[in-house]
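Student:
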Amino acid sequence: MAKIITNLFHGGGAAATSPPHVTIHRRLPPAGGAGAGAAIVVDVEGALLLLRSSSLSSSLFPYFMLVAVEAGSFLRCLTLLLLYPFISLVAGAAAAGEDAAVRAMAFVAFFGLRESRFRAGPAVLPRWLLDAVAKESLDAITPRRTSPPETSPAAARRRVIWVSRMPRVMVEPLLREYLTSSSEEVVVVTREMKVVWGFYTGVMEDFAGDGGGEVESPEVRKVMEGVGGGDVIGFSGGSSMGFLRSSLVSLCKEVYVVSNEEKSKWRPLPRREYPRPLIFHDGRLTFLPTPLATAAMLVWLPFGATLVVVRLTIAFFLPYCLATLLLAATGTSWRLRGTPPPPPPRSTGNNKQRGQLYVCNHRTLIDPVYISIVLDRPVRAVSYSLSRLSDLLSPIGATVRLRRDRAHDSAAMAHLLDDEGVHVVVCPEGTTCREPYLLRFSPLFAEMGDTVVPVALTTETSMFHGTTAGGWKSMDALCYLANPRTCYTLEFLAAVDTTPVREGRMASTELANDVQRRLAETLGYECTMLTRKDKYHVLAGNDGVIRRHCRDTAK
């Protein structure tokens, strides 16, 4: 049976053997790999990624599972998990078993997905694949910048040919967007997923020309023409012998192959050394879905659904002081650093006390709830968009909607602060960011009150993210509450006087940047000038504005 399935999923092309003129070295390439005007052929799975398992299919399983969960459903996730033992059996059944196993996982993960809506490739997978990039490997591939630039920019350009067994839609965004410099010409050699009527069929296409298809690629031919008489080297490692049988090896003068023993000593690439920073990523899962971790998640789901009901009941019907203790017993806790600001003096006579404006970085839609709990007083939240279900589930009352119209938004916030005298929480980033970066602050809050109180927030979740850009926004609160354990950490900073803005001695943007800087220093984050539109362009392929036909797709 395993042989039959292997034949079914295998492309059938005969693999080319390594040509005799290629010199094979059992070590890392020289530091910097191929120099200017040369080319390097890199085996993604064998050389770039830290895939600890000796089985290629077992190592790639979590990434196909991410596609199944984030682009599909929990039913698709369960199907792939149940097929995992059978896929492992196929992988070891024959010489072509690993390729058949990869094709089988691709079929389960992609079958029936709409091509135009698939965003897991650029939005979800780079975050997890970057975690698996080896520092030693990237150091060997990345050119040193000690020599002066060449006279001819075309001659100085370095060529990198990435070779992968994963589908193009899964691996190309990582290679082009995060591991490529402006001085490199990049070609990604991998297989496409077949599409019929706008839907993925789950079948991976073969290279044109079977065994020699990689070399016949127009992109590869163009790169080789640019190399001219320059050297071409190959780089692989581990037990990835498929690379040595690839027709691309015939282009190389030398191939460097690292042993499993040496590769086991490699370290993951630190985030501060990413060629391009990872600021935005999407997806619900906070963990890499290995087979065991995926099974644990599926077992937890019924308990998580029950826990959502229990936690909502406690939050709605009990006072803060009692709810905090009971929620902590269920795994939902919060920590306070420093001391919160004292309560404002009570209003006397006709002098109504003005409300206080709190400005916080945006981690989840529950940010204002925890500020209210820590202050032990009611607050109102203002937001550009929020799903109706999330608004109904809010224990602090309805959220005040902003319209991105300066006059309207200013009047709405002034009404809350001056006329109603309530405390207001605003997140000037306008959207959430999971990584240690702060997006550009909208300056509107700087014009609203006598003082603003910055609040630094961090949150920890153990299984599900409570935010999404391309998923169902109505599930944000439920996903957060379904976590086995969550924790919010809050720190109230010293109040910032906004009098200079009102008197015209300081621009509102200058004060907003100052508040952003103070929060970043407190949290250990970096300030950016990126906006909500930048985030949604990367993660969802739109500008983040809610349309009538998809009201819950952006925040």
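When the letters of the sequence shown are read in order and numbered with this note's numbering, they come out as residues 3 to 557. All C-beta atoms in this analysis are idealised placements derived from N, C-alpha and C, irrespective of residue type, glycine included. Just so we're clear, the structure is a prediction, and the values are computed from it rather than from any experiment.
1. Taking the alpha carbon of Leu85 as the reference point, which residue from Glu72, Ala98 and Val110 has its own alpha carbon closest?
2. Under 8 angstroms, with one C-beta from each stretch per pair, do the region 418-428 and the region 369-383 reach the 3-pair mark?
3. Bridge partners for Arg403 per DSSP, in chain order?
4. Leaving out the 5 sequence neighbours to the left and right, which residues in its chain are closer than 7 angstroms to Pro346 when beta-carbon positions are compared?
5. Enumerate in chain order the residues of its own chain whose CB-to-CB distance from Phe11 is below 6 angstroms, with the five nearest sequence positions on each side excluded.
6. By DSSP, does Asn544 sit in helix, in strand, or in coil?
7. Starting from the N-terminal side, write out each stretch of the beta strand (DSSP E) that is 3 residues or longer and does not extend beyond the region 57-136.
8. Expressed to the nearest angstrom, what Euclidean distance is found between the alpha-carbon atoms of Val540 and His23?
9. Return helix, strand or coil for Leu246, following the three-state DSSP convention.
10. Look up Pro151 in the DSSP assignment and say whether it is helix, strand or coil.
11. Between the alpha carbons of Tyr538 and Arg339, how many angstroms are there, rounded?
12. Going by DSSP, what residues sit across from Arg160 in a beta bridge?
13. Please work out which residues of its chain come closer than 7 angstroms, Cβ to Cβ, to Phe319, disregarding the five sequence neighbours upstream and downstream, and give them in chain order.
14. Could you tell me the distance, in whole angstroms, from the CA atom of Phe245 to the CA atom of Cys254?
15. Going by DSSP, what residue range makes up the beta strand (DSSP E) through Val260?
16. Quick one: what does DSSP say Asp212 is sitting in, helix, strand or coil?
17. CB-CB under 6 angstroms to Asn485, same chain, minus the five flanking residues each way: which ones, in chain order?
18. Quick one: is Asp411 near chain C, going by C-beta distance under 8 angstroms?
19. Who are Met206's beta bridge partners in DSSP?
20. I want to know whether the region 73-82 touches the region 292-301 - three or more CB-CB distances under 8 angstroms.
21. Can you find the residues in the same chain that come closer than 6 angstroms, C-beta to C-beta, to Asn544, ignoring five residues on each side of it along the sequence?
22. Apply the 10 Å Cβ neighbour rule to Asp45 and answer buried if 16 or more other Cβ atoms are within range, or exposed otherwise.
23. Classify Trp584 as helix, strand or coil using the three-state DSSP reduction.
24. Restricting to runs no shorter than 3 residues, where is the beta strand (DSSP E) found entirely within the region 482-517?
25. Tell me the residue span of the alpha helix (DSSP H) that contains Ile316.
26. In the DSSP assignment, what are the bridge partners of Val361?
27. According to the Cβ coordinates, are Leu290 and Pro64 closer than 8 angstroms?
28. Specify the secondary structure class of Arg534 as computed by DSSP and reduced to three states.
29. Across the region 468-483 and the region 501-513, are there enough close Cβ pairs to call them in contact, namely three or more that are closer than 8 angstroms?
30. If you follow the beta strand (DSSP E) that Leu338 is in, where does it begin and where does it stop?
31. Sort out for me which residues DSSP pairs Gly236 with in a bridge.
32. Whose CA, out of Ala448, Ala514 and Tyr386, lies closest to the CA of Arg534?
33. What three-state label does DSSP hand Ile26 in the structure shown?
34. Roughly how many angstroms lie between the CA atoms of Gly74 and Phe66, to the nearest whole one?
35. May I ask you to list the residues that DSSP assigns as paired with Val165?
36. Quick one: residues in its chain with C-beta nearer than 7 angstroms to the C-beta of Cys529, no 5 flanking neighbours on either side, listed in chain order?
Tutor: With the given structure in hand:
1. Val110
2. yes
3. DSSP output for Arg403 lists Ser385 as bridge partner(s).
4. Gln355 and Gln358
5. Note that Phe11 scores a pLDDT of 46, beneath 50, so its modelled location is shaky and nothing firm can be said.
6. Here Asn544 sits in coil by DSSP.
7. none
8. 44 angstroms
9. Residue state, collapsed to three classes: coil.
10. Because Pro151 carries a pLDDT of 47, less than 50, the predicted location of this residue cannot be relied on, and the following value inherits that uncertainty. Of the three classes helix, strand and coil, the one that applies to Pro151 here is coil, per DSSP.
11. 32 angstroms
12. Glu186
13. none
14. Answer to the nearest angstrom: the Cα atoms are 12 angstroms apart.
15. Segment Glu256 to Val260, the beta strand (DSSP E) holding Val260.
16. Here the model assigns Asp212 a pLDDT of 43, short of 50, so the residue's position is not dependable, and the following value carries that caveat. Residue state for Asp212 is assigned as helix, using DSSP reduced to three classes.
17. So the qualifying residues of the chain are Thr463, Ser464, Met465 and Phe466.
18. As a matter of chain content, chain C is missing from the structure shown, which is built from one protein chain.
19. Met195
20. yes
21. So the qualifying residues of the chain are Tyr538.
22. Classification for Asp45: buried.
23. Nothing about residue 584 can be read from this structure; the chain reaches only from 3 to 557.
24. 488-494
25. Pro293 to Phe319
26. Val428 and Pro456
27. yes
28. helix
29. no
30. Thr334 to Arg339
31. The partner list for Gly236 (beta bridge, DSSP) reads Val43 and Val257.
32. Tyr386
33. strand
34. 11 angstroms
35. Val165 pairs with Asp45 and Val191.
36. Closer than 7 angstroms at the Cβ level, and outside the excluded window around Cys529, lie Leu440, Gln518, Arg519 and Ala522.
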